[in-house]
Amino acid sequence: MEFRGYRVADVSEAGELTLTGDFAEYPLSLEGLDSSGWRALAQTADAYIARDGLLPFSEAGTGESGGAVFEGLPVGLYLVTGDSYESEGYTYTPEPFFICLLDWDEEDGQWNYDMSVSCKFDSRQVPPTENTVRRKVMKIWKDDGNEQKRPEEITVQLLRDGTVYDTVTLDESNNWRYEWTDLDEDSRWQVAEYETPEDYTVSVSREGITFVMTNTYQPDTPDTPDTPGTPDTPDTPDTPSSPRLPQTGMLWWPVPLLAFGGILLFLIGWGKRRNEDNRQED
């Protein structure tokens, strides 16, 4: 069984996530997500991967132990997807999920670069209990106070095993909903928004046979310009005096020594961190 890892976001040492690579071009948001939000985001990104044929950052197959190992990955947020397989009369399809390869271990008080996870599977009986299935899509708007920003319509693509199978338009006339019938049960069905409205992000979750497509209004917040400060009044030039000599008992050396000590401590800390990183990479 093959698994694929897609590097979705960079992760800073402060734990901040920034979409990267191909995923930076999609209307996705990593902010304020709970467990259901992350699950919906994984399904949304997985549909884009299938539709647009994105290449994985890394691939791994399961061995005799049933586990797949990804090695040599740089830190980051990864989306993991996998192939379906059949066993004892059932077809099992792994759910896409995220894993952050830079996790703070509260017990050890250090960053964890080696992680183990278990994925969940959707299962259905083989042979199929039905010849055809239905799928629905429902649009949800999260834009309180900005309803005027909504477009008059949006276009939704139905994907069959990663290929666009049908395209429909959602608007007020159909209450932003649509239902497909007589779909092949053996196929994998997903939906993707063709063009997301400006200043909106999109997230798709599946509840039974229904895809819930949520558009959230998230305009870019302009930077607040700094308030200009009051110019300082120029100092009155001092009258030049004779060179100052140290008084008896005055220590002049602590200033340069403390400055050097600050740099030294920084370099020691930086070098220690770098050595730790190198040992972890080894």
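Residue numbers -19 to 262, in our numbering, belong to the letters of the sequence shown in order. For every residue, glycine included, the Cβ atom is placed at its ideal position computed from N, Cα and C.
Asked                                                                                                                        : Found
Supposed close pair Asn195, Pro177 - CB separation, criterion 8 Å                                                            : 7 Å
Beta-bridge pairing of Asn195 - partner residues as DSSP gives them                                                          : Trp121, Val182
Simplified DSSP state of Lys100, which is helix, strand or coil                                                              : coil
Whether Thr135 touches Tyr174 by CB criterion (9 Å)                                                                          : yes
Proximity winner among Phe(-17), Tyr158, Leu57, relative to Ser38 (alpha-carbon distances)                                   : Phe(-17)
Lys122 burial status per 10 Å Cβ neighbour count (16 or more: buried)                                                        : exposed
Extent of the continuous alpha helix (DSSP H) run through Thr24                                                              : 15 to 32
Beta-carbon contacts of Thr149 that lie in its chain and below 7 Å, excluding the five residues immediately before and after : Glu133, Thr135
Close Cβ partners of Thr24 (< 6 Å) along its chain, the five nearest in sequence each way excluded                           : Ser183, Val184
Length of the line joining the Cα atoms of Thr0 and Val(-12)                                                                 : 6 Å
Reduced DSSP category for Ala(-11) - H, G, I as helix; E, B as strand; rest coil                                             : strand
Supposed close pair Leu104, Trp160 - CB separation, criterion 8 Å                                                            : Per the sequence shown, residue 104 should be read as Arg rather than Leu. Not a contact, Cβ separation roughly 18 Å.
For Leu21 and Ala30, the rounded distance between their alpha carbons                                                        : 14 Å
Nearest residue (CA-CA) to Asp26, options Phe78, Ser16, Leu82, Glu(-7)                                                       : Phe78
Helix, strand or coil at Leu225 [DSSP, three-state]                                                                          : Here the model assigns Leu225 a pLDDT of 33, short of 50, so the residue's position is not dependable, and the following value carries that caveat. If DSSP states are grouped into helix, strand and coil, Leu225 belongs with coil.
Terminal residues of the beta strand (DSSP E) in which Val41 lies                                                            : Note that residue 41 corresponds to Gly in the displayed sequence, not to Val. Taken as a continuous stretch (DSSP letters only), the beta strand (DSSP E) holding Gly41 covers 38 to 41.
Simplified DSSP state of Ala172, which is helix, strand or coil                                                              : strand
Opposing strand residues paired with Phe(-17) [DSSP bridges]                                                                 : Ala40, Gly62
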